[in-house]
Amino acid sequence: GMTVWCDSAPSVLKNPSCLYAKCTVLEIMSNQTVKLKEIAEPGRETLADPLLISINPFGWSGSSLKEKQACELLSLEAAVVEEALLRRVTVSGTQAVAGRWRQQQAELQQQSLCKGVHERLFLWINKQINKNINKKQSLDTFVGAHPASQLAS
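Going letter by letter, the sequence shown gives residues 1404 to 1556 in the working numbering.
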């Protein structure tokens, strides 16, 4: 999965299109919207519906080629990602009950996925840059995130 994606990725300096592709994944996934399926029964909440997922800003429809390509770049299956974003499984003992996330829960799942991808992309970029820093300057130069307490001193 993601570890292979980070560790086997080519150097950014040798193949910048690889970096652009990974940034595109974030753009696609973060712009995905979860629409609601209206339930006719009074008093029931609207639920996230897998048939109504769409990516609005660029005019792509649900389960589009772009979504599938984004998942392929992350070494994930599009159907598995869609399943994780829309359906929940509650396990009690040996029993498992499948259900659907509410809209807010589905949106939180999507945002969590994007945050995880963003974090791994950031770490991957730093790793690639640090690999290419001149060895003589390696003690003086390092790219990475520092805690705020270190920045103040």
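Just so you know, even glycine gets a beta-carbon here, dropped at the ideal spot from N, CA and C.
Residues that DSSP places opposite residue i in a beta bridge
| i | result |
| --- | --- |
| residue 1493 | 1500 |
C-alpha gap between residue i and residue j, whole angstroms
| i | j | result |
| --- | --- | --- |
| residue 1426 | residue 1518 | 12 Å |
| residue 1500 | residue 1483 | 18 Å |
| residue 1534 | residue 1524 | 15 Å |
| residue 1498 | residue 1489 | 20 Å |
| residue 1532 | residue 1491 | 39 Å |
| residue 1368 | residue 1485 | Shown here, the chain extends from 1404 to 1556; a query on residue 1368 therefore has no answer. |
| residue 1522 | residue 1477 | 13 Å |
| residue 1365 | residue 1510 | The displayed coordinates of the chain run from 1404 to 1556. Any statement about residue 1365 would go beyond what the structure contains. |
Pair within 9 Å by beta-carbon distance, residue i and residue j
| i | j | result |
| --- | --- | --- |
| residue 1504 | residue 1512 | yes |
Residue nearest to residue i in terms of C-alpha spacing, selected from the options
| i | options | result |
| --- | --- | --- |
| residue 1562 | 1527, 1520, 1530 | Outside the shown range of the chain (1404 to 1556) lies residue 1562, about which nothing can therefore be said. |
| residue 1474 | 1528, 1516, 1494 | 1516 |
Whole-number beta carbon distance between residue j and residue i, since they are thought to touch under 8 Å
| i | j | result |
| --- | --- | --- |
| residue 1481 | residue 1471 | 4 Å |
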